[in-house]
Amino acid sequence: MNRSEHIINVANRLILEKGYSAFSYADVAAEIGIQKASIHYHFPSKANLVQNVVGRYRQEVRANLSMLNSLTDDPREKLEQYLSYWESCLRSRAMDICLCALLASEIPILPEEVIGEIREHFRDLTDWLARLLRDAADKNRFTGDGEAIEETAHAILACVHGGMLASRAFNDAGQFDMVKKHMLPLIAAKRVTA
1 MNRSEHIINV ANRLILEKGY SAFSYADVAA EIGIQKASIH YHFPSKANLV
51 QNVVGRYRQE VRANLSMLNS LTDDPREKLE QYLSYWESCL RSRAMDICLC
101 ALLASEIPIL PEEVIGEIRE HFRDLTDWLA RLLRDAADKN RFTGDGEAIE
151 ETAHAILACV HGGMLASRAF NDAGQFDMVK KHMLPLIAAK RVTA
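In the UniProt record's numbering, the protein residues as written are 1 to 194.
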């Protein structure tokens with residue numbers, strides 16, 4: 001791992017622990033054992049560093065969604081695996097919130113370049129969910145309003161990220177169970193043919 005990747009990894013973790021406003025270059029430098037000037041060499045500003053952290057996170061999410069798409073053609077199974085991923089993260093405390101959901105709560109104080117990355121992340125997710133729901137509709141398995149696929153994709157996105165926040169607020173990963181319970185039935189189970 002090179003120095004800039006190490007800085008991004010530490011910054012990512014600190015953002016998840018403290019939020020944007022509460023972490024500093026001094027925190028990152030102290031953890032890595034370098035001078036703040038070394039961080040400025042790679043990332044001239046905090047905004048630039050966080051933009052790179054979010055950019056990498058977006059790449060990872062896109063790669064994971066692409067992998068999920070390659071594992072199955074079943075839209076319900078894709079949705080279930082997506083929800084199960086977050087359920088597992090919440091239960092194991094490996095990551096109890098989406099980086100972009102956390103940062104979105106701080107939008108009033110974030111630099112524009114970071115806000116742009118966050119919005120693009122949510123557009124990417126909404127587009128993926130809408131494609132998944134369209135696929136379910138094409139297979140006559142979407143149980144919602146076929147005219148409201150985009151709206152339903154936004155609702156799933158809001159429920160998933162709201163479930164993360166509720167789980168964190170209540171210190172109870174079980175809060176996320178309600179998301180799975182109410183979102184999964186939007187796609188009917190695969191019909192078994194004899």
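Beta carbons: idealized from backbone N, C-alpha and C, even for Gly. Quantities reported herein were computed from a predicted structural model and do not represent experimental measurements.
Should E87 go down as buried or exposed, given a rule of 16 or more other Cβ atoms within 10 Å for buried?
Buried: at least 16 other Cβ atoms inside 10 Å.
Taking all protein chains shown into account, do 16 or more other C-beta atoms lie within 10 angstroms of the C-beta of P108, making it buried, or fewer, making it exposed?
So P108 ends up on the exposed side.
CB-CB under 6 Å to C100, same chain, minus the five flanking residues each way: which ones, in chain order?
Contacts found: I118, H121.
Using CA coordinates, which residue listed in P185, M164, K180, K18 is at the minimum distance from A83?
First, the residue type needs correcting, since residue 83 is Leu and not Ala in the sequence shown. Out of P185, M164, K180, K18, K180 has the C-alpha closest to the C-alpha of L83.
Tell me the DSSP secondary structure of I8 in three-state form.
In this structure, I8 counts as helix in the three-state DSSP scheme.
As an exercise, report each continuous alpha helix (DSSP H) stretch of at least 4 residues that is fully enclosed by the stretch 92-180, in chain order.
Within the stretch 92-180, the complete alpha helix (DSSP H) runs of at least 4 residues are 99-104, 112-138, 149-170.
Out of R93, I15, I156, which has the shortest C-alpha to C-alpha gap to N52?
Closest by alpha carbon: I15.
Are there 16 or more other CB atoms within 10 angstroms of the CB of G163, so buried, or fewer, so exposed?
Result: buried.
To which residues does DSSP link residue 199 through a beta bridge?
An answer regarding residue 199 cannot be provided, because it is not within the stretch 1 to 194 covered by the chain.
In angstroms, rounded to a whole number, what distance separates the CA positions of R56 and E151?
Looking at the two C-alpha atoms, the distance is approximately 28 Å.
Determine the direct distance from the alpha carbon of Q81 to that of E141, and round the result to whole angstroms.
Here the sequence assigns Arg to residue 141, which means Glu is not the residue at that position. Looking at the two C-alpha atoms, the distance is approximately 17 Å.
Can you tell me where the alpha helix (DSSP H) with N2 in it begins and where it stops?
It is not in any alpha helix (DSSP H) - N2 carries neither H nor E in the DSSP assignment.
Mapping DSSP to helix, strand and coil, what is A22?
It is coil, neither helix nor strand.
For R76, count the other beta carbons within 10 Å of its own beta carbon; 16 or more makes it buried, fewer makes it exposed. Which is it?
Result: buried.
With distance defined between alpha-carbon atoms, name the residue in K78, D96, Q59 nearest to F170.
Ranking K78, D96, Q59 by Cα distance to F170 puts D96 first.
Going by alpha carbons, who is nearest to A130 out of S45, A47, S167, A155?
Closest by alpha carbon: A155.
So G55 is in the alpha helix (DSSP H); what residue range does that whole segment cover?
Start and end: 46-71.
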